[in-house]
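**Q** Okay, here's the structure, questions in a sec.
In full-length UniProt numbering, the protein residues as written are 1 to 128.
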């Protein structure tokens, strides 16, 4: 994997990985929910997730992050989407034929409130 190009990108990547690691078994969250908490765009979160190393993919519960409509992303490679679906189902979530998590409110993991953070400021640790 190529090195991130900026301090901000490095910090964002580390925080996405940290937040994903905290999603409990049997729960899911969305790219957007993580993004709102981090005060970044959902695309930043999706970009980090799509570039996980093999080691990170094994260690992280990446399958617990889905699209805004509680759906396995239809843009994902079919075999990867099937793996995600199987892992979600193994944790007790029902996923319909279109990839939507059923009874999503019962399984949704709230990441947290929006943080006031400037990712390009190396001294910024979050809220003042």
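No residue lacks a Cβ here, since even glycine has one placed at the ideal position from N, Cα and C.
#1: Please tell me whether residue 23 has its Cβ less than 8 Å away from any Cβ of chain B.
#2: Assuming contact is defined by CB atoms lying nearer than 8 Å, are residue 72 and residue 45 in contact in what I supplied?
#3: Should residue 33 and residue 60 be called a contact, given that it needs their Cβ atoms to be closer than 8 Å?
#4: Evaluate residue 92 with the Cβ neighbour count: other Cβ atoms within 10 Å of its Cβ, from every protein chain shown; 16 or more gives buried, anything less gives exposed.
#5: Report the three-state DSSP secondary structure of residue 71 (helix, strand or coil).
#6: Thinking C-alpha only, which one of 68, 84, 51 and 77 is nearest residue 42?
#7: Could you spell out the range, first to last residue, of the alpha helix (DSSP H) harbouring residue 8?
#8: How would you write the range of the alpha helix (DSSP H) that residue 54 sits in, first residue to last?
**A** In short, the structure shows the following:
#1: Going by chain labels, chain B is absent from the structure shown, which holds only one protein chain.
#2: no
#3: no
#4: exposed
#5: strand
#6: 68
#7: 7-21
#8: 54-59
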